[in-house]
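Heads up: the structure comes next, in structure tokens.
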Amino acid sequence: MSSVSSAAGGHRPAASDHRWLILVIVAVAQLMVVLDATVVNIALPSAQHALGFPNSDRQWVVTAYALAFGSLLLLGGRIGDMFSRKRVFITGLAGFALASALGGAAVSFEMLVIARTLQGAFGAILAPAALGTLVSTFRDPRERGRAFGVFGSVAVGGGAVGLILGGVLTEYFSWRWCLYVNLIFAAIAIAGALAYMRGNRPDSRPRMDWAGTALASAGLFLIVFGFSHAEVAGWTAALTIGSLAVGVLLLAAFAFAERRVSHPLLPLRVILNRARGGSYVAVGLTGIAIFGVFLFLTYYLQVVKGYSPVASGLAFLPMIACILVSSNTSSIVLLPRLGPRALIAAGMLIGGGGMAYLTQLTVTSSYAGSVLPALLAMGLGFGMIFSPAINTATSGVARQDSGVASALVNTMQQVGGSIGTAALSTVALTATVTYLAAHHAGNLAPATAAVHGYAMAFTVSAALLGLGALVTALLVPSKSRLEELRNATLPVDVAPAPSPALADAMSIQSAGPSQLR
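Just so you know, we're using the working numbering here: the sequence shown kicks off at 146 and counts up by one.
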């Protein structure tokens, strides 16, 4: 059997005759998960006023979700590999909806934090199942490119949609609707899944690696917690250092253990593939940078320029539009011609250029002249990164590994976001304090110092994207090399079908690491 057919593992694509409806269902579910990371941030001040909890506790409303989501993603991905993906998908949707209802009805801080934790846990089940469903449904390279164009748009643009939706719901309804709105998304997705998804069980069910699950979950939990704690307690706090150090040790032990078990949670063949590994790195580095955009540009528009939450959210619309265009064009038109290496690296350079443009912001800068051009460039760049990276990261993976491969995409994005929020906040705060110490006079000094801090965060983000472009160029093989590797894994009696996209070019699972250099 060829590697192409084995990648399918005998698993019939889920309801292929309704595949475009399935894409809509998956996109709705993914949008719900992604926007929840930002929509609650907009509602947080109103929730704090209503429930009466102090500023020191505000971070836990955000951190509780990030901890549960980030630490359980690999487990959620493996659950999707073991059972009917339709059932796992619906379970994740229903659990996320119930947790959202609990949060919307919260009468205390503790109740809200519990709800956010449950949201993160069910989101960790839902997100890999959503992407895994997309991977198994779209096998044809042309259709796969279109599908991942849409999915990539949602993955990168959902956060900006959350800013808009959160502003509208908070300003015109109630902060509680920032949580209740998930019931609408979940109801649509559940109805669609029941109607159009097939409940096929995998032909071969992988066993659960409980030791690996414990090591990975604990390690990721401590990494996310360490970066979140650093944001409020500083990088020199004992708990910050201890959490990060132990987290790294646990992940190192996880990597060591995975080499020695017969049914690993994360098979090394998934990440030792250079194209997939480079794509995971690209998603992680871009996750750091893009969270910096949402965080500090929102601060700039609201705190410095006086925009309302709704107006600041609407300011991101041009970036969303560019992401939609760029993501679909990249997956459908450019990826088949250029390959993932050139496309992802170029996207990082363009996005980094937009980020660098923001470093010139001042208190008196205009939106049209100083913010809009950067948003357009970043929208184009981020669209060129995410769709090809997610497509490449999940291509050529066997059915029994597709869930955990999908989970790793979400893990890199989530951990990248946690690192970005904490590290860039530290950079901005340090730059602001330094500026205030050097400039004592003038009514504009505090605002000018804040903008200076934002600019330093944008500088670091731009540098990270530049580094990501270099790493991608070094790790991800060229288009021609990917095609050579694909053809080399086909048996002699199977003629390599001409592929307009590179999805099947990644069907090189049987290739060892030495073949990927």
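Even glycine gets a Cβ: it sits at the ideal position worked out from N, Cα and C.
Small disclaimer: the values here were computed from a predicted structure and weren't measured.
Exercise for review: Report buried or exposed for F366, applying the criterion of at least 16 other Cβ atoms within 10 angstroms of its Cβ.
Suggested key: buried
Check your understanding: Any idea what DSSP makes of G197, helix, strand or coil?
Key -> coil
Exercise for review: Give the secondary structure of H408 by DSSP, where H, G and I count as helix, E and B as strand, and everything else as coil.
Suggested key: coil
Exercise for review: State the Cα-Cα distance for the pair S298 and T385, rounded to the nearest angstrom.
Suggested key: 34 Å
Check your understanding: Cα-Cα, which of Q558, F370, G277, A213 is closest to K231?
Key -> G277
Practice item. Below 6 Å CB to CB, which residues in the same chain sit around L263 once its five sequence neighbours on both sides are set aside? Key: A244
Exercise for review: Starting from V237, trace the alpha helix (DSSP H) both ways and give me its first and last residue.
Suggested key: In the sequence on display, residue 237 carries Gly and not Val. 230 to 249 is the extent of the alpha helix (DSSP H) around G237.
Exercise for review: Identify the continuous alpha helix (DSSP H) that holds R223 and give its terminal residues.
Suggested key: 203 to 227
Practice item. Given a cut-off of 8 Å, decide if F439 and A305 are closer than it, judged by their beta-carbon atoms. Key: yes
Check your understanding: Does the stretch 513 to 526 come close enough to the stretch 489 to 497 that 3 or more CB-CB pairs lie under 8 Å?
Key -> yes
Review point. Helix or strand or just coil, what does DSSP make of A595?
Key: helix
Check your understanding: With V617 and A490 assumed to form a contact (beta carbons below 8 Å), what rounded beta-carbon distance in angstroms separates them?
Key -> In the sequence as displayed, the identity of residue 617 is Thr instead of Val. Their Cβ separation, rounded to whole angstroms, is 5 Å, which keeps T617 and A490 in contact under 8 Å.
Review point. Is the Cβ of G492 closer than 8 Å to any Cβ of chain B?
Key: Judged by its chain identifiers, the structure shown contains no chain B, having just a single protein chain.
**Study point:** 8 Å contact criterion, which Y425 and V258 should meet: CB distance rounded
**Key:** About 30 Å; that fails the 8 Å criterion.
Review point. To the nearest angstrom, how far is it from the Cα of L417 to the Cα of A402?
Key: 15 Å
**Study point:** Three-state secondary structure assigned by DSSP to F318
**Key:** Secondary structure of F318 (DSSP, three-state): coil.
Check your understanding: How many angstroms separate the CA atom of S475 from the CA atom of M256?
Key -> Distance between the alpha carbons of S475 and M256: 43 Å.
Practice item. Go ahead and label L430 buried or exposed: buried means 16 or more other beta carbons lie within 10 angstroms of its beta carbon, across all protein chains shown. Key: buried
**Study point:** Contact under 8 Å by Cβ, R261 with Y210
**Key:** Contact flag set, yes.
**Study point:** Neighbourhood of L574 by C-beta, 8 Å cutoff - its chain only, sequence neighbours within 5 removed
**Key:** G598
Check your understanding: Going by alpha carbons, who is nearest to L517 out of L459, Q204, G422, G248?
Key -> L459
Review point. Between L610 and W322, what straight-line distance do the alpha-carbon atoms span, to the nearest angstrom?
Key: 35 Å
Check your understanding: Apart from the five residues on each side of it in sequence, which residues of its chain come closer than 7 Å, Cβ to Cβ, to T443?
Key -> L308, S457
Practice item. Compare the beta carbon distance of V448 and A602 with 8 Å and say whether it is the shorter of the two. Key: no
Practice item. Return the CA-CA distance between I535 and S472, expressed in angstroms with no decimal places. Key: Distance between the alpha carbons of I535 and S472: 11 Å.
Review point. How do the stretch 197 to 207 and the stretch 286 to 302 stand: do at least 3 beta-carbon pairs fall below 8 Å, yes or no?
Key: no
Check your understanding: If you count every other CB in all the chains shown that lies within 10 Å of the CB of T381, and 16 or more means buried, which is it?
Key -> exposed
Review point. Around the Cβ of R408, are there at least 16 other Cβ atoms within 10 angstroms (buried) or fewer (exposed)?
Key: A small correction: the amino acid at residue 408 is His; Arg does not occupy that position in the sequence shown. Answer is exposed; the Cβ neighbour count stays below 16.
Review point. Using DSSP with H/G/I as helix, E/B as strand and the rest coil, what is A460?
Key: Coil.
Practice item. State yes or no: is the C-beta of V428 within less than 8 Å of the C-beta of M227? Key: no
Check your understanding: With distances taken from CA atoms, which of L218, V326, I235 is nearest P273?
Key -> L218
Check your understanding: Looking at the structure shown, is V295 part of a helix, part of a strand, or coil, going by DSSP?
Key -> helix
Check your understanding: Near A153, which residues of its chain fall below 6 Å by C-beta distance, leaving aside the five closest residues on each side in sequence?
Key -> Here the model assigns A153 a pLDDT of 38, short of 50, so the residue's position is not dependable and the matter cannot be decided.
Practice item. Express the C-alpha separation of H584 and T577 in angstroms, rounding to a whole number. Key: Looking at the two C-alpha atoms, the distance is approximately 11 Å.
Check your understanding: If you draw a straight line from the alpha carbon of D285 to that of I335, how long is it in whole angstroms?
Key -> 26 Å
Practice item. Taking L411 as the reference, give the member of G422, G357, T593 with the closest Cα. Key: L411 has its Cα closest to that of G357, out of G422, G357, T593.
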